[in-house]
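Residue numbers (our numbering), protein chains in the order written: chain A, 1 to 80; chain B, 1001 to 1640; chain C, 2001 to 2252; chain D, 3001 to 3115. In what follows, a structure is listed as structure tokens, so that the remarks can point back to it.
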Amino acid sequence: MSEAVIAVALVWVAASGTAVVLTRDPLCQAFVAGFFGLGLAFLYLSLQAGDVALSQIVVGAIALPLIVLLSLAKVGKDRG
Amino acid sequence: MDLVVSTSAVVPASVVVPLAGAALMAGFSWLLPRWARDLIAIAVALATTTLTLILIAASAGHPMIYWFSGWRPSGGMVIGIDYAVCPLGAGMASLAGVLASAALVYCWRYFDSARGRHHALVLIFLAASVDFCLTGDLFNLFVAFELVAVTAFALTGYNAGHPAPLQGAINFAVTNSLGGMSVLMGVGFLYARTGSLNLAQIGQALAGRHADGLIVVAFALLTGGFLVKAAVVPFHFWLPDAYGSAPIPVCVLFAGVMSELGLFAVIRVWDTVFSGLAGGSGPRMRAVLLGFGILTAVVGAVMALAQIQLKRMLAFVTMSHLGIYLIGVGLLTPLGLAGASLLVIGDGLAKSALFLGVGVVQHQRASVSEIKLRGSGRGLAVTGVTIVLGALVLAGLPPYVSSAGHALLVDAADQAGLPWVEIVIALSVILSSGAVLRAAGRIWLGWGDSESSRPDTGTADDPGEEAEDRSDTADADGKLGANGLTGVDRDQDGRERSGRLRRVPLTMVLPPLALLAIGLGLGLTSGIEEHAAAAFSDRAAYAAAVLGTHGGSIPTGGRVVVPASPAASAGGVLTDLGQVLAALCVAGIALDRRAVALRRALAAGTGWLRRLHSGLVGDQVTWLAAGLALLAALSEAALH
Amino acid sequence: MSRRARLVFFAAAAAALAVTLGAGLAGLPSFGSQITSYARMLNELAPRQRHVTDVVSAISFDYRGIDTLFEEFILLSAVTGISVLLRPLSDETRQLPEDKVPDRTIPPPSPAVWLLAVFLSSLLVLTGLETVTHGQLTPGGGFQGGVILASALYVVYLGTSYVTVERFEPAPLLEASDGVGASGYVFIGLLGLLAGAGFLSNVVGLGVTGNVISGGTIPLLNLVVGVEVAGGFAILASEFLDQTAVIRPRRR
Amino acid sequence: MSVLAYGVVAWLFLVGIYGVVTSRNLIHLVVCLSVAQSATDILLLEIGYRTGGHAPVFVSLPAHPGPAVDAVMQALALTDVVVGAAVTALLLALAVQVHKRAGTLDPDALRATRD
């Protein structure tokens, strides 16, 4: 059972990680990256690593997307 | 008893002091006046230097082991993290301390407004370097690697108002982060195989085993990651971009210690972990490391000669030296290591003096282009002497400590049956010192052409950083007032201070001379060679000390047997003087108007090499990936 | 290199690197088959020796506490570095965004939004504190809780307005908490040294397993890390927010 | 299962580097770098995983809970997550500034350090 959950999480992470790289528009990428971050947290949880999963959520789903979006806003503003 | 406690407390104190200083500096610098920040930072750096110097003396003869959190190994199994202090590591740490102190003194007048954050970063850099040199734990080594890197990225981009430092910092950060990932994967592989993160215990677990795919790959990933930091070809492309654009006081730390830390880690991990593998892989591994070293030494020297931007030139000089150190380290003998470590100290001090001298020129003449500065050295005589002396001692002028290092290296190469290596070393030293001497001749004597002989006068000749450093260090941290959201501009004061005709502050003139004097003093110390590389290279003794398996009876194996004072021998002195003369000749030819055709031909001949240094992060990462794969293939051949 | 040449070169390098990684990964024990005796030992010893239930925090803050000390300084350096990189430079100025229609007054945020923000942020503060203080018991700890605490501040930003928050001048306070947290770790480590044991030794009373106050220095270290991380991430976000909201090129 | 588990590590690492090499936007590049970085965390946790093992949290467990997974690797991965976040944030700050100074985020258009 847990094997299957891990396998699903691994596939999710591999696919969404690839999607992050292939999404060339940074704004779209930020959202795909959030999805990837959640996948990672899920994978870590399924590997019984609660501490790491929680860190991954606060970093990958709260802190970094916020900073990426703020950077994009700054960059877009300078351009306009 | 009391004494024992106090010496052992020195070990953690050497990182606790700079860390506490940095934390207070980062958190509370807004409470302190400018002079107090400077004084505290310098005092902390000097205290750290003193502590590490004590450690050199205390660890001579046998490594000092310190267990953090009091977790000693039990039943042969390591529980916590240890510092394994050896003279080589403590020596590297004290070099970092000396250079950080010099850089902080120099900053006194260099940055007009530093707001404590710069000092905090320098102190954290210092603490991380000390940790890097002392730790006996593989993962802790990775953490130190990353901490050195993170502070260095930020310090590189300090002049955030110009594109070059930012780009240098980005290239630096991307490549070195990938290097860090490579190291961490290597750590994971070794842990999976041996169940330990302690260097000594991993070494013990691998001793006598035959290398398989996992061990080869772990070695390649670890070594490759460290070689990224050590800027060895083909992992080196970030180095000129970062060192050529970072603020001068930061360049001092980088060129003097940071890259050398990478080499230190290579040899430490090899000695403690991999050298015990069955199959006598030593000679083949020597060939691999020598190959990388020679390539780096030559490429760096040739590229240095092709530069006219002084900081970028010194960056390539640094790189060439790193290649030479890798040759010394890669001989895998205590004697080669001793030679390399003396060179690291001597050259580190001299290169720092050169960078600081260039900083004075930049501060006074607002340019770092050798061509633009032609004939403008009048009034900066002391700095001119500093730079020429620095270049000469880099070429091996006795009795500076570098010449003793060269002599040991020559002996080591002879003993290893590779006398031709000396020629490569001499050639690189001559070319790189010649480049610096050429620049000095052009600036202070007004010799040579006033335009570049480079076929394409590309953008890097003058990468838009002429007015760097002072104009953008305005740390306008003004808070938004309750009513007025006014722009804050505190750099007026700073602009005035960088006026062209002002006298050079003593805090900028003296540190480079002091650094050269330290190197001279070390060179005059009798028996410095004998002390250079004690007991570091003996894996069994190291493991015994850490794991406590031989209760106190630590063999003093690996002690260097130095042939009767080689530096003083007539042959050694003649070789050194020959190198110095040759370097002067290189500079003379480079400045001679009649040799223009030769220069054009050389410039055209090395154009392809220069074009490889495109400054593009995509290229650099591609080379990194290729280099890792190459290193893995060579390690497979060497270890298997 | 042209982009095409680089791609071809990279393809070759990546193929070789893939073989390298494959060779290394193939040497690992098969997935899920075993853990090391070191890990087994710590899993067994930590709850008894350190009166914790979460072994990961015992390792992070006790057995390998020096790693976490340096980890905190990595964060401190990054935050300090970002403050340095994103400081307003000499050709920039801090200015609130101009309204496109000059005579329009910006309406204050409605009480409902304000209330929601207060509610949300107090919820976040509570969650953050609970995460920080239960580090030795359950997954989570100073780092995770600290980030949650920092995010509470930003809910306040969202609910009120930039000027309101800036009026309290939180920056020195945040900077100080960043520094206090990092130096706090060092000073707690010194307790061990003062007690005659090693640096970072866990010399405080260990308490009863399962209690909020148990594990000796582990909850204390979690607390200072929480303070540091909360300050650090708040500075981080505010530096980027400043770039977007108030820092703009100076018109000459 | 081993092939899938370890294959994902190699795949993510290489795909992340591919993204870095081919990126046309620094912000995109930085996010790609964080993808490569997450591969290392996954590797550490997989090394520490034991089939059927429970999390190394010994609270409210039945009397004989069976084996736990490796807590050491989790502690290392935890550190690495923080390191990764720090580096990513620092790189984003550099990207914001370089865009101001060079007017572009295309890494191939940044030529200030060309030799």
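Beta carbons: idealized from backbone N, C-alpha and C, even for Gly.
Straight-line Cα distance separating C/S2214 from B/P1012: 26 angstroms
Can you tell me where the beta strand (DSSP E) holding C/I2247 begins and where it ends? I2247 to P2249
Over the uninterrupted beta strand (DSSP E) stretch that includes B/I1645, give me the two end residues. The structure shown has nothing for residue 1645 of chain B, since chain B only spans 1001 to 1640.
Output the boundary residues of the beta strand (DSSP E) element that contains C/E2092. E2092 to R2094
Is D/A3068 helix, strand or coil by DSSP? strand
Where DSSP assigns a beta bridge to B/S1369, which residues make up the other side? B/Q1309
Identify the residues that DSSP records as bridge partners of B/D1082: which are they? B/W1067
So which residues of chain A does D/G3016 contact, with C-beta pairs closer than 8 angstroms? G17 and V21
Near B/D1137, what residues of its chain come up, given a Cβ to Cβ distance below 8 angstroms and the 5 sequence neighbours on each side ignored? I1081, D1082, L1197, N1198 and L1199
Segment contact flag, the segment 2139-2148 of chain C with the segment 2111-2129 of chain C, C-beta cutoff 8 angstroms, min 3 pairs: yes
C-beta atoms of B/T1050 and B/A1090 nearer than 9 angstroms: no
Along the chain, where does the alpha helix (DSSP H) containing B/A1207 start, and where does it finish? Element bounds for B/A1207: n/a, residue is neither H nor E.
Which residues of the segment 61-80 of chain A have a Cβ closer than 7 angstroms to any Cβ of chain C? Give them in chain order. I62, A63, L66, I67, L70, S71, A73, K74 and K77
What's the C-alpha gap between B/L1314 and B/S1367? 15 angstroms
Let me know the secondary structure DSSP gives B/M1077 once reduced to three states. strand
Amino acids of chain C, ordered along the chain, whose beta-carbon sits closer than 8 angstroms to that of D/D3106: Ordered by position in chain C, no residue passes the 8 angstroms Cβ test against D/D3106, which lies about 11 angstroms from the chain.
Shortest alpha-carbon distance to B/P1647 belongs to which of B/V1361, B/A1544 and B/V1580? No statement about residue 1647 of chain B is possible, as the shown extent of chain B runs from 1001 to 1640 and does not include it.
Please confirm if C/S2060 has its CB atom under 9 angstroms from at least one CB of chain B. no
The segment 2019-2035 of chain C / the segment 2179-2197 of chain C touching (three or more Cβ pairs under 8 angstroms): no
Kindly give me the distance between the Cβ atoms of B/T1007 and B/A1058, rounded to whole angstroms, as I take these residues to be in contact under 8 angstroms. 5 angstroms
Pick from B/W1608, B/V1410, B/G1627 and B/A1632 that is closest to B/G1571, judged by C-alpha positions: B/V1410
If you pair each beta-carbon of the segment 1396-1412 of chain B with each one of the segment 1338-1347 of chain B, do three or more pairs fall below 8 angstroms? yes
Pairwise C-alpha distance: B/I1430 and B/A1595: 18 angstroms
Looking only at its chain, what residues have a beta carbon closer than 7 angstroms to the beta carbon of B/L1389, apart from the 5 residues adjacent to it on each side? L1516
Residues in the segment 2119-2148 of chain C with C-beta within 8 angstroms of chain A's C-beta atoms, listed in sequence order? T2131, T2138, P2139, G2140, G2141, F2143, Q2144, V2147 and I2148
Based on DSSP bridge pairs, tell me the residues matched to B/V1504. Partner(s): none; B/V1504 has no beta bridge.
Check whether the segment 3005-3012 of chain D touches the segment 2174-2181 of chain C, taking contact to mean three or more Cβ pairs, one atom from each stretch, closer than 8 angstroms. no
Residues of chain D with CB closer than 9 angstroms to the CB of C/V2056, please, in chain order. A3055, P3056, V3057, A3071, V3072, Q3074, A3075 and L3078
With a Cβ-Cβ cutoff of 9 angstroms, do A/G39 and A/V58 count as a contact? no
What is the DSSP secondary structure of B/V1174, counted as helix, strand or coil? helix
Starting from B/H1119, trace the alpha helix (DSSP H) both ways and give me its first and last residue. R1117 to L1134
Per-residue DSSP class, three states only, for B/N1198: strand
If you follow the alpha helix (DSSP H) that C/G2146 is in, where does it begin and where does it stop? G2142 to G2159
Measure the Cβ-Cβ separation of B/L1335 and B/A1412 and say whether it is below 9 angstroms. yes
Return helix, strand or coil for C/D2054, following the three-state DSSP convention. strand
Nearest neighbour of B/G943, chosen from B/L1032, B/A1395 and B/G1446 [CA to CA]: Any question about residue 943 of chain B goes unanswered here, given that chain B covers just 1001 to 1640.
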